[in-house]
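Quick notes on the structure that follows.
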Amino acid sequence: MHYSDITIAAIATALNNSGISIIRVSGKDAFSIVNEIFRAPGGKTLLEFESHTIHYGYIYDSGSYIDEVMVSVFKAPKSYTMEDTVEINCHGGIVITNKILQIVLEHGAVLAEPGEFTKRAFLNGRIDLSKAEAVMDMIHAKNELSAKASMTHLRGKLSEIIRSVRAEILHDVAYLESAIDDPEHFDLSDFSDTLKDHVVSYIETVQKLYNSADNGKFIKEGINTVIVGKPNAGKSSLLNSLAGKERAIVTEIAGTTRDTIEEQILLNGISLNVIDTAGIRSTEDLVEKIGVDKAREYALSGDLIIYVMDASIPLDENDKSIISLIENKKVIVLLNKSDLETKIHAVDLKEEFPTFFENCIFISTSTKDGVGMEKLEDCIKHMFFSGDLSSNDEVYLTNMRQKQAVGDALKSLNLVKQSLDDDMPEDFLTIDLMSAYTSLGFVIGEEVGDDLVQEIFSKFCMGK
159 MHYSDITIAA IATALNNSGI SIIRVSGKDA FSIVNEIFRA PGGKTLLEFE
209 SHTIHYGYIY DSGSYIDEVM VSVFKAPKSY TMEDTVEINC HGGIVITNKI
259 LQIVLEHGAV LAEPGEFTKR AFLNGRIDLS KAEAVMDMIH AKNELSAKAS
309 MTHLRGKLSE IIRSVRAEIL HDVAYLESAI DDPEHFDLSD FSDTLKDHVV
359 SYIETVQKLY NSADNGKFIK EGINTVIVGK PNAGKSSLLN SLAGKERAIV
409 TEIAGTTRDT IEEQILLNGI SLNVIDTAGI RSTEDLVEKI GVDKAREYAL
459 SGDLIIYVMD ASIPLDENDK SIISLIENKK VIVLLNKSDL ETKIHAVDLK
509 EEFPTFFENC IFISTSTKDG VGMEKLEDCI KHMFFSGDLS SNDEVYLTNM
559 RQKQAVGDAL KSLNLVKQSL DDDMPEDFLT IDLMSAYTSL GFVIGEEVGD
609 DLVQEIFSKF CMGK
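What follows is the structure, given as C-alpha cells:
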C-alpha cells in the first residue's frame with residue numbers, strides 16, 4: 159500500500175502533565191476519521207469548516223464524553239504535509255492524551271513512525287531534504303546560534319545555493335552535449351575559456367560550503383573543550399568560573415581531581431562541552447594514574463585545548479610532557495595565578511618551545527577570581543568563528559552527510575578544471591560535471607534512495 163493511502167496519527171507534543179496536548183492526524187481520511195469522534199456545538203462536520211481555522215467542540219467515543227477540545231483544520235495542499243490534516247488540541251496529561259490517540263487509531267488511522275509527518279512533507283515536495291534536516295536540528299538546538307543556523311536552512315538558503323550551482327552546471331552540460339551531437343551549429347572553440355571561468359566560480363562556491371562544515375558542527379553540537387594542566391594549576395577553578403557554579407571541588411591539595419568532570423556551558427551563544435581532567439603528572443598512585451591516562455586520551459580528541467599553567471612556579475618535566483601531548487591542536491594557554499609573582503612569561507615560552515607556542519594564544523588569568531574570563535570568551539569566538547556571530551548569516555553545513563556530498567562535488571569540479579587545463583576531450587568534462595551535479599543533489603534529496611530517506615527520518619521524534 160502506498161503511503162498516500164494511509165492516514166497517520168501521533169502525539170505532537172511532549173507526553174507529560176501539561177496544559178495542552180496535540181494529536182496530529184494527516185492523510186486522505188483525516189477528516190472522516192476525526193468527524194466520527196468530534197462533535198461541534200453547531201453540528202457542522204470538519205469538511206464544512208474553512209482551512210486554517212480552529213473550532214471548539216467535544217471528543218466522544220461510542221457515545222461517551224471524553225474531553226473538551228479545540229480542533230484545527232488544514233486542507234490539502236495547504237498543510238505541513240500537503241495532505242488533509244487535523245490537530246486535536248486536548249487537555250494535557252498522559253492518560254487523556256493517550257486515550258484520544260487510541261480512539262483515533264481505532265477509527266482507522268495508523269500510528270505514525272518517527273518523523274513521518276516531515277517525511278511526507280518531503281515526499282510530497284513541500285520541503286527538500288536539507289530543510290527536513292533543519293526541522294530536526296531546530297528541535298534539538300542546544301543554543302540560539304544552532305537554532306539560527308537551522309532556521310537559515312529551513313528558509314531555504316542552503317537549497318538556493320545548491321539549486322543555483324546545479325542549474326548552471328546543467329546548462330553547461332547541455333551545451334557540451336549539444337555541441338558533441340551537432341558540431342555544425344554549436345561552436346566549442348571559445349567555450350573552453352568560458353567553461354573554465356564557470357568551473358572556477360562553482361569551485362569557489364562549493365569550497366566555501368565545504369569549509370563551513372566544521373563551524374556548522376561546532377554550532378550544532380558544541381566545541382569539545384578539554385582543560386589540561388598539572389595538578390593544582392587552577393583547572394577546576396576555571397571550570398567553576400565558566401559554569402558559574404561550584405561544579406568541581408577545589409582545594410590546595412594537588413591531585414584533588416581524580417576523574418574527568420564534564421559540563422555543557424553556554425558562552426555568549428556558543429556551546430562548550432567542557433571536560434575538566436585530572437592533573438597530568440608522573441605518579442605512582444594507581445587511582446590518580448588512571449585519571450591521568452584518561453586526561454591524555456581526552457586531550458588527543460578535543461576540538462579545543464585550554465592549557466592551564468601555574469605561572470607562579472617554573473616549568474618542569476610534567477609541563478614538557480603536556481606540551482608534547484597537545485602539539486598540532488588548537489590551544490589557548492592560560493598563565494594562571496596572575497595575582498602571585500609571575501615565574502612564567504609568554505615570551506620565554508615562545509623562545510624555549512618555538513614550534514609549539516608560536517601560534518598559541520596566551521591569556522593572563524586568575525581563575526579563582528574570574529580574571530581574564532572575558533578575554534578567553536573572545537579568543538574562542540575568534541578562533542572558531544572569526545569574531546562576533548550575532549549578525550552572522552553565513553550558511554553552514556550541519557551534518558556529515560551534507561559535508562560528504564559537497565566534498566564529492568568539489569572533487570569532481572576540480573577534475574573538470576584539471577581536464578580543461580589538460581585540453582581533455584569534452585566527454586571527460588561532461589562525466590565529471592554530471593558527477594558534481596549528482597553529488598550536490600544528495601544535499602537537497604534529489605538523488606537519494608529510499609533507504610537513506612528512511613534512515614534520516616527515523617532519527618526524528620514522534621509526531622514531527
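Under the numbering used here, think of the first position of the sequence shown as 159, with each following residue one higher.
Backbone N, C-alpha and C fix where the C-beta goes; we use that ideal spot for every residue, glycine too.
Quick caveat, the model's predicted, so the values are computed rather than measured.
- Bounds of the beta strand (DSSP E) holding Y216 are 211–219.
- Setting aside the 5 residues that flank it on each side, C518 is surrounded in the same chain by V489, V491, each with a C-beta closer than 6 Å to its C-beta; the list follows chain order.
- Taking the Cβ atoms as the reference, H265 lies roughly 6 Å from I195, within the contact range of under 8 Å.
- The C-alpha of L573 lies about 57 Å from the C-alpha of L205.
- Between the region 283–303 and the region 242–251, the count of Cβ pairs shorter than 8 Å is below three; the stretches do not touch.
- Under the three-state reduction of DSSP output, V564 falls in the helix class.
- Ranked by how close their Cα comes to the Cα of P235, the residues I463, D219, N282, E226 have N282 in first place.
- At a Cβ-Cβ threshold of 9 Å, I338 and T556 do not count as neighbours.
- Between the region 429–438 and the region 505–512, the count of C-beta pairs closer than 8 Å stays below three; the two stretches do not touch.
- DSSP places D585 inside the alpha helix (DSSP H), whose first and last residues are 584–602.
- Cβ-Cβ separation between S597 and D566: approximately 4 Å, consistent with a contact (criterion under 8 Å).
- Beyond the five residues adjoining it in sequence on each side, L334 comes within less than 7 Å, by CB distance, of E584, L587, T588 in the same chain, given in chain order.
- Nearest C-alpha to I224 among K202, K233, T255: T255.
- Closest option to G273, judged by alpha-carbon separation, among I297, S179, L353, L498: I297.
- Judged by DSSP in its simplified three-state form, M294 adopts helix.
- Within a 10 Å sphere around the beta-carbon of M467 sit 16 or more other beta-carbons, which makes this residue buried.
- In this structure L316 is buried. Its beta-carbon is surrounded by 16 or more other beta-carbon atoms within 10 angstroms.
- Out of Q576, A305, V357, the CA that lies nearest to the CA of R324 is found in V357.
- According to DSSP, Q422 shares a beta bridge with N431.
- The residues I490, I519, in chain order, have a CB closer than 6 Å to that of C537 in the same chain once the five nearest residues on each side in sequence are set aside.
- With a beta-carbon spacing of about 47 Å, M592 and V192 fall beyond the 8 Å limit used to define contacts.
- In the displayed model, M620 falls within coil according to three-state DSSP, outside both helix and strand.
- DSSP places G185 in the coil class of the three-state scheme, outside both helix and strand.
- By the 16-neighbour rule on beta-carbons within 10 angstroms, H311 is buried.
- Excluding the 5 residues flanking it on each side, M541 has same chain C-beta neighbours closer than 8 Å at L462, K488, I490, I519, in chain order.
- A Cβ-Cβ separation of about 33 Å leaves L367 out of contact with I385 under the 8 Å criterion.
- Counting the other CB atoms within 10 Å of its CB gives Q560 a total of 16 or more, which places it among the buried residues.
- The alpha-carbon of L571 is positioned some 17 Å away from that of F349.
- According to the DSSP assignment, M531 belongs to the alpha helix (DSSP H) that extends over 531–543.
- Under the criterion of beta carbons closer than 8 Å, T383 and I484 do not qualify as touching, at roughly 13 Å.
- Contact annotation, V293 with V183: C-beta distance approximately 19 Å; criterion of less than 8 Å not satisfied.
- Of the candidates H503, G599, S209, the residue whose Cα lies closest to the Cα of V229 is S209.
- Between D497 and K388, the C-beta spacing is not below 9 Å.
- For A504, there is no enclosing beta strand (DSSP E); the enclosing alpha helix (DSSP H) covers residues 504–510.
- Under the three-state reduction of DSSP output, T383 falls in the strand class.
- Y214 is positioned such that its CB atom lies closer than 9 Å to that of V227.
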